[in-house]
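Student: Heads up: the sequence shown begins at 4 in our numbering, then just goes up one per residue. Please find one structure pasted underneath; my questions will follow.
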Amino acid sequence: MANDIKSSEITPESVYLNRRNFIRAGLVAGTTLATSLAYRFFNPPPPKEINTAQIENLAKPPEFKTEEKLNSFEEITNYNNFYEFSTSKTSVARASEDFITRPWTIEVGGLAGKPKVFDIEELLRFEQEERIYRFRCVEGWSMVIPWVGFPLKKILDAVEPSGKAKYVAFETFYGGAKSSNPNVKLPEGRNGMQSAFAAGIDLPYVEGLRLDEALHPLTILATGLYGKQMPNQNGAPIRLVVPWKYGFKSIKSIVKITLTETEPPITWKIAAPDEYGFYSNVNPDVSHPRWSQATEQRIGEYTRRKTLPFNGYADEVASLYNGMDLKKYF
Ligand SMILES: Nc1nc2c(c(=O)[nH]1)N[C@H]1C(S)=C(S)[C@@H](COP(=O)(O)O)O[C@H]1N2
Ligand SMILES: [Mo]
């Protein structure tokens, strides 16, 4: 029998698999909606391969790097918080696939002598450096991520903050250009993001730092990771990274930076002021009202590890908070 089969009839594996999927899809189509939803849940479409360009001028050797084992590119790009796209960490990659990040500008102003609109292409021409940082989410998980970027100080210095400026406010993209400044150029519409109602938080997402925190050498604007331009799900084309604070301070896909005199509103404090504070420095001694912050789950490890004060960056940043009661200013 087998010898009688002509080679042209032998089904290559790829065709076989497609045919099986086709049959399976047909079966699903014939059943109830609930079954088809269950099918999609257990067989989610695989995320597309991420094909971002190499960062070109990755010149400087890393000034700050931990020697801990890096999380993989796969882990970093498939377990994300980015509520504008999905509240499910494993769904953000696919939900943000079609996010358009050109043209893109960051409008930097407020209490500044020389306010300026920076184009992303100009920011990508800045000298970029690698920063291997621990990253600790307030939910109790952590990773080690090789970011690429440059100190935030570089663009703050360029706009010349006035003596009155005490804080820096940040805003994420949420629907086209809203500025009267003709140099602001952004993609149209909501660009794949969901409604604030679906996200469950006020949008646009906003964050803030004290000016001295913003000028600290550990604080960077990240343009990529693993030597590649920033994947959409991690906050393309440019996001903040503040490694000694809980992850929600590291706001993604930034379009606006404003120097202010008073403490700016921040998304998670607006949502739940008893649970999330403006400072949000990583602190094993101050529990979240609903869970302890003493330990964390490093993604890829099997046992929890101890959380370090200021996420292990106390030598660099603890002095910023001298004389402050960190239980009060949480
Ligand atoms: N605009 C925006 N920025 C955001 C978030 C968000 O939902 N929207 N989530 C924050 C939270 S809670 C975390 S932990 C980090 C996650 O960054 P990552 O997905 O690159 O690990 O992004 C932060 N920045
Ligand atoms: Mo987070």
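The beta-carbon is built from N, C-alpha and C at its ideal position, and this holds for glycine as well.
#1: So Leu159 is in the beta strand (DSSP E); what residue range does that whole segment cover?
#2: For Tyr136, which three-state DSSP category applies?
#3: Runs of 4 residues minimum, wholly inside the stretch 214-253: which ones carry the alpha helix (DSSP H) assignment?
#4: In terms of residue numbering, what span does the beta strand (DSSP E) encompassing Arg105 cover?
#5: Heavy atom of ligand 1 less than 7 Å from the Cβ of Asn237, yes or no?
#6: Taking Val258 as part of the beta strand (DSSP E), name the residues at either end of that continuous run.
#7: In whole angstroms, give me the CA-to-CA distance for Asn184 and Arg105.
#8: Are there any heavy atoms of ligand 2 lying less than 7 Å away from the beta-carbon of Val141, as far as the coordinates show?
#9: Measure from the alpha carbon of Thr270 to the alpha carbon of each residue in His219, Glu299, Ala202, Ile53, then state which is nearest.
#10: Chain D beta carbons: is any one of them nearer than 8 Å to that of Gly315?
#11: Taking the alpha carbon of Lys272 as the point to measure from, which residue in Phe281, Ile254, Glu110 has its own alpha carbon closest?
#12: Alpha carbons only, please: which of Ala115, Leu323, Ser182, Asn284 is nearest the one belonging to Thr261?
#13: Note down the Cα distance separating Glu299 from Ser253, rounded to an integer number of angstroms.
#14: Looking at Val162 and Thr108, is the spacing between their C-beta atoms short of 8 Å?
#15: Using only the heavy atoms of ligand 1, determine whether one of them is closer than 7 Å to the beta carbon of Thr175.
#16: If you measure from the CB of Asn84, is any heavy atom of ligand 1 nearer than 7 Å?
#17: Among Glu124, Asn314, Ser89, Lys117, whose alpha-carbon lies nearest the alpha-carbon of Asn284?
#18: Is the beta carbon of Gly230 within less than 7 Å of some heavy atom of ligand 2?
#19: To the nearest angstrom, how far is it from the Cα of Gly303 to the Cα of Ser165?
#20: Following the continuous alpha helix (DSSP H) through Ala2, name the residue where it begins and the one where it ends.
#21: With 16 other CB atoms within 10 Å as the buried threshold, where does Lys9 fall?
#22: Say yes only if the C-beta of Phe102 is nearer than 7 Å to one or more non-hydrogen atoms of ligand 1, and no if none qualify.
#23: Counting C-beta neighbours from all protein chains within 10 Å, is the total for Lys72 16 or more, i.e. buried, or is it exposed?
#24: Around the C-beta of Asn74, are 16 or more other C-beta atoms found within 10 angstroms, so that it is buried, or is it exposed?
#25: Using a 10 Å radius around the Cβ and a threshold of 16 neighbouring Cβ atoms, would you call Gly211 buried or exposed?
#26: Who are the near neighbours of Pro149 in its chain, counting only those whose CB is closer than 7 Å to its CB and skipping five residues on each side?
#27: Pick from Pro292, Glu110, Ile79, Ala275: whose alpha carbon is nearest that of Val120?
#28: Is Lys272 near ligand 1, in the sense that its beta carbon is under 7 Å from a heavy atom of that ligand?
#29: Leaving aside the five residues before and after Ser290 along the sequence, list all residues of the same chain whose C-beta is less than 7 Å from its C-beta, in chain order.
#30: Tell me the DSSP secondary structure of Tyr170 in three-state form.
#31: Considering only residues of the stretch 252-332, which uninterrupted beta strand (DSSP E) runs meet the minimum length of 3 residues and lie entirely inside it, listed in chain order?
#32: Taking Phe129 as the reference, give the member of Val320, Thr265, Ile241 with the closest Cα.
#33: Phe176 by DSSP, collapsed to three states: which one?
#34: Between Ser99 and the rest of its own chain, which residues show a CB-CB distance below 6 Å, the 5 nearest in sequence each way excluded?
#35: Around the C-beta of Met233, are 16 or more other C-beta atoms found within 10 angstroms, so that it is buried, or is it exposed?
#36: Report yes if the C-beta of Phe333 is less than 7 Å from at least one heavy atom of ligand 1; otherwise report no.
Tutor: Short version:
#1: The count along the sequence shown starts at 1 and reaches residue 159 at position 156. Run containing Leu159: none in the beta strand (DSSP E); it sits in the alpha helix (DSSP H), 156-162.
#2: The count along the sequence shown starts at 1 and reaches residue 136 at position 133. Of the three classes helix, strand and coil, the one that applies to Tyr136 here is strand, per DSSP.
#3: 214-217
#4: Mapped onto the sequence shown, residue 105 falls at position 102. First-last for Arg105: undefined, no H or E at that position.
#5: Taking the first residue of the sequence shown as 1, we reach residue 237 at position 234. Asn237 Cβ: within cutoff of ligand 1.
#6: For this step, residue 258 is matched to residue 255 along the sequence shown. From DSSP, the beta strand (DSSP E) with Val258 extends over 257-263.
#7: Position 181 of the sequence shown, counted from the first residue, corresponds to residue 184. Position 102 of the sequence shown, counted from the first residue, corresponds to residue 105. Cα-Cα distance, rounded: 18 Å.
#8: Sequence index remark: in the sequence shown, residue 141 carries index 138 (1-based). Yes, the beta carbon of Val141 sits closer than 7 Å to at least one heavy atom of ligand 2.
#9: Translated into the one-based positions of the sequence shown, residue 270 becomes position 267. Looking at the Cα atoms, Ala202 is the closest of the given residues.
#10: Among the protein chains of the structure shown there is no chain D, as only one such chain exists.
#11: Along the sequence shown, read from residue 1 onward, the residue named residue 272 stands at position 269. The shortest C-alpha separation from Lys272 is found at Phe281.
#12: Sequence index remark: in the sequence shown, residue 261 carries index 258 (1-based). Minimum Cα distance to Thr261 is reached at Ala115.
#13: Counting from one through the sequence shown, the residue named residue 299 turns up at place 296. Counting from one through the sequence shown, the residue named residue 253 turns up at place 250. So the alpha carbons of these two residues sit roughly 18 Å apart.
#14: The residue you call residue 108 lines up with position 105 of the sequence shown. The residue you call residue 162 lines up with position 159 of the sequence shown. Contact flag unset, no.
#15: Position 172 of the sequence shown holds residue 175. Yes, the Cβ of Thr175 comes within 7 Å of a heavy atom of ligand 1.
#16: Counted from its first residue, the sequence shown places residue 84 at position 81. True, at least one ligand heavy atom lies under 7 Å from that Cβ.
#17: The sequence position of residue 284 within the sequence shown is 281, counting from 1. With distances taken between Cα atoms, Asn284 lies closest to Asn314.
#18: Position 227 of the sequence shown holds residue 230. No, ligand 2 has no heavy atom inside 7 Å of this Cβ.
#19: On the sequence shown, residue 303 is found 300 positions in, with the first residue counted as 1. On the sequence shown, residue 165 is found 162 positions in, with the first residue counted as 1. Going by the C-alpha atoms only, they are around 45 Å apart.
#20: Residue 2 cannot be examined here, being either before or after the span of the chain that is shown, 4 to 333.
#21: Sequence index remark: in the sequence shown, residue 9 carries index 6 (1-based). Caution applies to Lys9, whose pLDDT of 44 falls short of 50 and renders its modelled position unreliable; the value that the coordinates give is listed next. The residue in question, Lys9, is exposed, as its Cβ has fewer than 16 Cβ neighbours within 10 Å.
#22: As a working mapping, residue 102 is identified with position 99 in the sequence shown. Not so, every heavy atom of ligand 1 lies at least 7 Å from the Cβ.
#23: For the purposes of this step, residue 72 is taken as the residue at position 69 of the sequence shown. Per the 10 Å Cβ criterion, exposed.
#24: To locate residue 74, count along the sequence shown from 1; it is residue 71. Counting Cβ neighbours within 10 Å, Asn74 comes out buried, since at least 16 surround it.
#25: Against the sequence shown, residue 211 aligns to sequence position 208. Result: buried.
#26: Stepping through the sequence shown from its first residue, residue 149 is reached at position 146. Contacts found: Leu73, Glu133, Ile135, Leu228, Tyr229.
#27: On the sequence shown, residue 120 is found 117 positions in, with the first residue counted as 1. When each option's Cα is compared against that of Val120, the closest is Glu110.
#28: In the sequence shown, residue 272 corresponds to position 269, counting from 1. Lys272: no, Cβ never under 7 Å from ligand 1.
#29: Counting from one through the sequence shown, the residue named residue 290 turns up at place 287. Excluding positions up to five away in sequence, the list reads Gln296.
#30: Looking up residue 170 in the sequence shown gives position 167. Reduced to three states, the DSSP call for Tyr170 is strand.
#31: 257-263, 298-301
#32: Here residue 129 is taken as the residue at index 126 of the sequence shown, counted from 1. When only C-alpha atoms are compared, the closest one is Ile241.
#33: Taking the first residue of the sequence shown as position 1, residue 176 is located at position 173. Phe176: coil per DSSP, three-state reduction.
#34: For the purposes of this step, residue 99 is identified with residue 96 of the sequence shown, where counting begins at 1. The answer, listed in chain order, is Phe88, Asn235, Gln236.
#35: Start at 1 with the first residue of the sequence shown, and residue 233 comes out as number 230. Flag for Met233 reads buried.
#36: Indexing the sequence shown from 1 puts residue 333 at position 330. No; taking the cut-off as 7 Å, the Cβ of Phe333 has no heavy atom of ligand 1 nearer than that.
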